[in-house]
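Engineer: Residue numbers (the numbering used here): 19 to 405.
Just so you know, even glycine gets a beta-carbon here, dropped at the ideal spot from N, CA and C.
Predicted model, so just to flag it, every value in this text is computed and none were measured.
Dumping the structure here so I can ask a few things about it.
What follows is the structure in structure tokens.
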């Protein structure tokens, strides 16, 4: 089967959640199919990264979007009523080129990742088009509005309304729809949510790691540290949880790691908190910590970082919002806490009880191997595409 896969970013390196999902779906779909990647890029893509994806993509088309064009696209969205994030990525000239690509490929299926790419193919006549909503972006915008103030609150509020309408309006243009979790599916503003296929993220167990590496840090938080939800989580951890923990663990060491740290994240560095920036080997980074903390406060979707930490047998303390999408059992496979006090207590309990932490780590690894393996989740996607 020929599958045309449309993405808003070149899906490598794996420094953002949508890129991780696209990369692994392409990789596993390519085992039984010919996959054609058609993507945008708002930055230069290295020849090395293109060569890597050509290991499993039959063909790759990359359409650059310039910074001036991004500005014009957002202004255009202001007047058209489209979500600003759709305007950021949409160009009519690129749409014409993509339609020409599809005419040449003659795919048996078109997979469109995220709302921001839907404008490119919603009007293209094809009997097997799939839209991967991935997350419910309207809910994400609403939560960002609720924790913002001033101009940001107004912008997120306006985007919430635009995305909410677009999520509903774009639905009929696609015959098939996928989303990352049941929690997200139930938030989507369409009538027949039960018809939407839940395709979660996963883990490839083809990496080399050991959870018995020297534990240099007591607590780790890892992610794209320029992303709003990760910034808020890091601030919560460093400013509200760490001061409570240091009363019980005076020599506490916390690492906040990940690409593009925001200035608010950089400002968190102190005697107890280290901010590292980009990490080359994320698996070794996970294994260097005794506890993984993910106090996600405004996120939707499924957090890859939590799946990855659990896969490396590191016990995790997360908010209920983060675990709702994953479904691990609180107290045995994961620890769930939502206030600074309960979060600090959960971490302290794991730090002070080695046998409990080891058992939770073992249970976490088993849970991931049973429920979140890319080969299995993409097999479900492939079956749904073929249906």
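In this structure, does DSSP put residue 196 in helix, strand or coil?
Structural biologist: The answer is strand: DSSP assigns residue 196 an E or B state.
Engineer: In chain order, what are the residue ranges of uninterrupted alpha helix (DSSP H) at least 4 long that sit wholly in the stretch 232 to 302?
Structural biologist: Here the runs fully enclosed are 246 to 254, 260 to 263 and 281 to 284.
Engineer: Mind checking which residues open and close the alpha helix (DSSP H) that includes residue 396?
Structural biologist: That run of the alpha helix (DSSP H) goes 392 to 404.
Engineer: Among 202, 305 and 373, whose alpha-carbon lies nearest the alpha-carbon of residue 154?
Structural biologist: Out of 202, 305 and 373, 202 has the C-alpha closest to the C-alpha of residue 154.
Engineer: Can you tell which of 382, 329, 189 and 289 has its C-alpha closest to the C-alpha of residue 209?
Structural biologist: Per the Cα distances, 189.
Engineer: For residue 285, count neighbouring Cβ atoms within 10 angstroms of its own Cβ and tell me buried if that reaches 16, exposed if not.
Structural biologist: Exposed, since its Cβ has fewer than 16 Cβ neighbours within 10 Å.
Engineer: For the ligand NAP, I want to know if residue 277 counts as a neighbour, meaning its beta carbon is within less than 7 Å of at least one of the ligand's heavy atoms.
Structural biologist: This structure lacks the ligand NAP, and indeed carries no ligand of any kind.
Engineer: With a cut-off of 8 Å on the beta carbons, I'd call residue 313 and residue 240 a contact; round off their distance for me.
Structural biologist: The Cβ separation is near 13 Å, so there is no contact.
Engineer: Specify, as a first and last residue, the run of the alpha helix (DSSP H) that residue 4 falls within.
Structural biologist: A query on residue 4 cannot be resolved here, the shown segment of the chain reaching from 19 to 405 and no further.
Engineer: Work out the CA separation of residue 150 and residue 381 for me, nearest whole Å.
Structural biologist: For residue 381 and residue 150, the distance between alpha carbons rounds to 30 Å.
Engineer: Which residues in the same chain as residue 205 place their Cβ atom closer than 6 Å to its Cβ, once the five residues preceding and following it in sequence are excluded?
Structural biologist: Within the same chain, residue 205 has close Cβ partners 154 and 157.
Engineer: Going along the chain, which residues of its own chain have a beta-carbon closer than 8 Å to the beta-carbon of residue 249, five neighbours each way excluded?
Structural biologist: Cβ neighbours of residue 249 beyond the five flanking positions: 243, 280, 282 and 283.
Engineer: Are the beta-carbon atoms belonging to residue 116 and residue 403 less than 8 Å from one another?
Structural biologist: Contact: no.
Engineer: Would you mind stating whether residue 379 and residue 332 have Cβ atoms separated by less than 8 Å?
Structural biologist: Yes, the Cβ-Cβ distance between residue 379 and residue 332 is below 8 Å.
Engineer: Identify the continuous alpha helix (DSSP H) that holds residue 360 and give its terminal residues.
Structural biologist: Segment 358 to 370, the alpha helix (DSSP H) holding residue 360.
Engineer: Would residue 66 be called buried (16 or more neighbouring beta carbons within 10 Å of its own) or exposed?
Structural biologist: Exposed, since its Cβ has fewer than 16 Cβ neighbours within 10 Å.
Engineer: Where does residue 150 fall in DSSP's three states?
Structural biologist: Strand, per DSSP.
Engineer: What would DSSP say about residue 82, mapped onto helix, strand or coil?
Structural biologist: The answer is strand: DSSP assigns residue 82 an E or B state.
Engineer: Hey, which unbroken runs of the alpha helix (DSSP H) at 4 residues or more fall wholly within the stretch 88 to 137?
Structural biologist: Whole alpha helix (DSSP H) segments, 4+ residues: 102 to 107 and 110 to 123.
Engineer: Give the range of the alpha helix (DSSP H) segment to which residue 184 is assigned.
Structural biologist: Start and end: 168 to 187.
Engineer: Return helix, strand or coil for residue 222, following the three-state DSSP convention.
Structural biologist: Correct three-state label for residue 222: coil.
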